[in-house]
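Below is one structure, written out as structure tokens; comments come after it.
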Amino acid sequence: MREIRFDRFGGPEVLTLHVDAAVPAPAPDEVLVQVSFAGLNPLDFKIRDGSSGRAQGLELPAGTGREMSGVVIGAGSGLDEAELGSRGLTVGTRVFGMRSPDDPRGVAAEVIAISADDLAPIPGEIPEEDLPRWAGLALVGLTAIATVRDTAGIAEGETVLIHGGAGGVGQLLIPMALEAGARTVLATGRSANAQRIRELGATPISYDESDWTAEVQRLTDGRGVDVVLDTHYHSTFLPSLDQLAGGGRIVALPSLADLSPALQRGIEARIPVIVPGRDRLDRLAQGIRAGRYPLEVSEVLPLSEIGQAHAWLEDGHTRGKLVLDVRA
19 MREIRFDRFG GPEVLTLHVD AAVPAPAPDE VLVQVSFAGL NPLDFKIRDG SSGRAQGLEL
79 PAGTGREMSG VVIGAGSGLD EAELGSRGLT VGTRVFGMRS PDDPRGVAAE VIAISADDLA
139 PIPGEIPEED LPRWAGLALV GLTAIATVRD TAGIAEGETV LIHGGAGGVG QLLIPMALEA
199 GARTVLATGR SANAQRIREL GATPISYDES DWTAEVQRLT DGRGVDVVLD THYHSTFLPS
259 LDQLAGGGRI VALPSLADLS PALQRGIEAR IPVIVPGRDR LDRLAQGIRA GRYPLEVSEV
319 LPLSEIGQAH AWLEDGHTRG KLVLDVRA
């Protein structure tokens, strides 16, 4: 089978397509999935170049990618037909999911073995042409749930600022913040993505056309915001501290973010921790079906063009999700 692997840390060029990789044998509690599409995320290139904490101790050569959609084609010895049926994961079922944080294996391969707990069925009425979006849903969706539901504590009527509103995570943070009770959501992004941010229910702030800090002050009549959800961090974290209203708080999404500048000023600052689980995947599925989470896929590339996809990710201006067509 075909699989993307890398044998050293470095740039996109270290990613290699192997055409004779062995089909994995599932552990007793694992499901064998024929992958249709694999979602891509900034975490992927940070593991590949060695800058992510998840790269520490990673055994090379290694696979790449964390989330996918595909079809169940088998299962381990601990999952009989009745057990698979109770989970909705019988052979032939279309599924989506994400490897748990403690599973370092990749998903950019034609066949993977993955824990049954990390998968959920794709509703039967979903058309084939929509499957790329389901491949890109799990990681950003679980990240958004962890950010909004577990960490930010958004209260009814609060004003929320989201950095990166048109990105993969941002496109779910906006509707989830509104669901949580936010009265107003402001979202930074490029001017080219302003309309998309409006469609999601937020007020766009085009950082390439204006001083976003001045715009926050103008839009809040100088009060500032109650909550900042910062998907960017490096260029936005410190100036965001001055945009918080009294008692405001900030959530920085990068796992290695340094929160000390906020904590030293007495500002509540947190980093979300992704919690995997079937219940959360089902919640994402329900949100997609109901139209509440209109996640956008900007590009679908063949498996062999993963290097180009990683280069776009590193550029930092990707809109929505990048997805690999593993079948192509």
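With our numbering applied, the sequence shown covers 19 to 346. We put the CB at the ideal spot given by N, CA and C, even for glycine. Note that this is a predicted model, so its numbers are computed, not measured.
Start and end of the alpha helix (DSSP H) containing residue i?
{"i": "ILE292", "result": "Premise fails: ILE292 is in no alpha helix (DSSP H) and is neither H nor E."}
{"i": "HIS377", "result": "The structure shown has nothing for residue 377, since the chain only spans 19 to 346."}
{"i": "THR202", "result": "Per DSSP, THR202 belongs to no alpha helix (DSSP H); it is in the beta strand (DSSP E), 202-207."}
{"i": "HIS328", "result": "324-333"}
{"i": "ILE140", "result": "Looking at the DSSP string, ILE140 is not in any alpha helix (DSSP H), and its letter there is neither H nor E."}
{"i": "GLU197", "result": "188-197"}
{"i": "VAL158", "result": "156-163"}
{"i": "ARG216", "result": "212-217"}
{"i": "ARG105", "result": "99-105"}
{"i": "GLN52", "result": "GLN52 -> not in any alpha helix (DSSP H); beta strand (DSSP E) instead, spanning 48-58."}
{"i": "LEU262", "result": "Element bounds for LEU262: not the alpha helix (DSSP H) but the beta strand (DSSP E), 262-270."}
So, using beta-carbon positions, are residue i and residue j closer together than 8 Å?
{"i": "GLY81", "j": "ARG23", "result": "yes"}
{"i": "PHE114", "j": "ALA164", "result": "no"}
{"i": "VAL158", "j": "LEU190", "result": "yes"}
{"i": "ASP168", "j": "VAL245", "result": "no"}
{"i": "ASP248", "j": "THR254", "result": "yes"}
{"i": "ILE180", "j": "ALA220", "result": "yes"}
{"i": "SER224", "j": "LEU35", "result": "no"}
{"i": "PHE55", "j": "SER87", "result": "yes"}
{"i": "ALA73", "j": "ILE324", "result": "no"}
{"i": "ARG112", "j": "ILE140", "result": "yes"}
{"i": "PRO193", "j": "ARG310", "result": "yes"}
{"i": "ARG20", "j": "VAL41", "result": "no"}
{"i": "GLY110", "j": "GLU48", "result": "no"}
{"i": "VAL234", "j": "VAL203", "result": "no"}
{"i": "ALA162", "j": "LEU299", "result": "no"}
{"i": "ALA327", "j": "LEU342", "result": "yes"}
Nearest CA to the CA of residue i: which residue from the options?
{"i": "GLY199", "options": "GLY171, PRO60, THR221", "result": "GLY171"}
{"i": "ASP229", "options": "MET116, SER258, GLN213, THR249", "result": "SER258"}
{"i": "ARG296", "options": "LEU342, ALA156, HIS335", "result": "ALA156"}
{"i": "MET116", "options": "GLY94, THR177, LEU160, GLN52", "result": "LEU160"}
{"i": "GLU317", "options": "GLY57, GLU31, PHE27, VAL32", "result": "GLY57"}
{"i": "PRO46", "options": "ASN59, GLU101, ASP248", "result": "GLU101"}
{"i": "LEU256", "options": "ASP276, VAL51, ARG151", "result": "ASP276"}
{"i": "ALA43", "options": "SER133, ASP239, GLY175, GLU147", "result": "SER133"}
{"i": "GLY265", "options": "VAL109, ALA212, VAL187, GLU176", "result": "GLU176"}
{"i": "ALA212", "options": "ARG201, MET194, GLY185, ARG236", "result": "GLY185"}
{"i": "LEU331", "options": "VAL37, ALA40, LEU61", "result": "LEU61"}
{"i": "GLY124", "options": "ASP300, ASN59, GLU233, VAL243", "result": "ASN59"}
{"i": "ALA210", "options": "SER69, ASP226, VAL203", "result": "ASP226"}
{"i": "SER273", "options": "GLU174, HIS250, GLY305", "result": "HIS250"}
{"i": "ALA305", "options": "GLY103, ARG151, SER69, ASP67", "result": "What sits at residue 305 in the sequence shown is Gly, not Ala. Closest option to GLY305, Cα to Cα, is ARG151."}
{"i": "GLY207", "options": "ARG283, THR336, GLN282, ASP120", "result": "THR336"}
{"i": "VAL89", "options": "ASP121, GLU99, ASP67, GLU128", "result": "GLU128"}
{"i": "ASP355", "options": "GLU146, GLY29, ASP148, ILE285", "result": "Residue 355 is absent from the model: the chain starts at 19 and stops at 346."}
{"i": "GLY188", "options": "ARG201, ARG216, ALA173", "result": "ARG216"}
{"i": "GLY83", "options": "PRO119, GLU143, LEU149", "result": "PRO119"}
{"i": "VAL51", "options": "THR108, LEU342, GLY103", "result": "THR108"}
Assuming residue i contacts residue j (C-beta within less than 8 Å), just tell me the rounded distance between them.
{"i": "ILE91", "j": "LEU76", "result": "With a Cβ gap of about 27 Å, ILE91 and LEU76 do not count as contacting."}
{"i": "VAL243", "j": "LEU218", "result": "Contact doesn't hold; Cβ gap of about 17 Å is too wide."}
{"i": "GLY182", "j": "PRO222", "result": "That pair is no contact at about 12 Å."}
{"i": "PRO290", "j": "LEU271", "result": "6 Å"}
Around the C-beta of residue i, are 16 or more other C-beta atoms found within 10 angstroms, so that it is buried, or is it exposed?
{"i": "SER338", "result": "Here residue 338 turns out to be Gly, not Ser, going by the sequence shown. Answer is buried; the Cβ neighbour count reaches 16."}
{"i": "ALA308", "result": "exposed"}
{"i": "ARG345", "result": "exposed"}
{"i": "ALA303", "result": "buried"}
{"i": "HIS252", "result": "exposed"}
{"i": "LEU340", "result": "buried"}
{"i": "LEU78", "result": "exposed"}
{"i": "VAL53", "result": "buried"}
{"i": "ASP136", "result": "buried"}
{"i": "ARG236", "result": "exposed"}
{"i": "GLU85", "result": "buried"}
{"i": "ARG214", "result": "buried"}
{"i": "GLY334", "result": "exposed"}
Kindly indicate the opening and closing residues of the beta strand (DSSP E) around residue i.
{"i": "LEU340", "result": "339-343"}
{"i": "THR177", "result": "177-181"}
{"i": "SER133", "result": "129-133"}
{"i": "PRO320", "result": "315-320"}
{"i": "VAL234", "result": "From DSSP, VAL234 is part of no beta strand (DSSP E) but of the alpha helix (DSSP H) over 230-237."}
{"i": "ALA220", "result": "Careful: ALA220 lies outside any beta strand (DSSP E) and carries neither H nor E."}
{"i": "SER87", "result": "85-93"}
{"i": "LEU247", "result": "243-248"}
{"i": "ARG151", "result": "Here ARG151 belongs to no beta strand (DSSP E); instead the alpha helix (DSSP H) covers 149-153."}
State yes or no: is the C-beta of residue i nearer than 7 Å to some heavy atom of the ligand ADP?
{"i": "VAL166", "result": "Of the ligands one can find in the structure shown there are none, so the ligand ADP has no counterpart to examine."}
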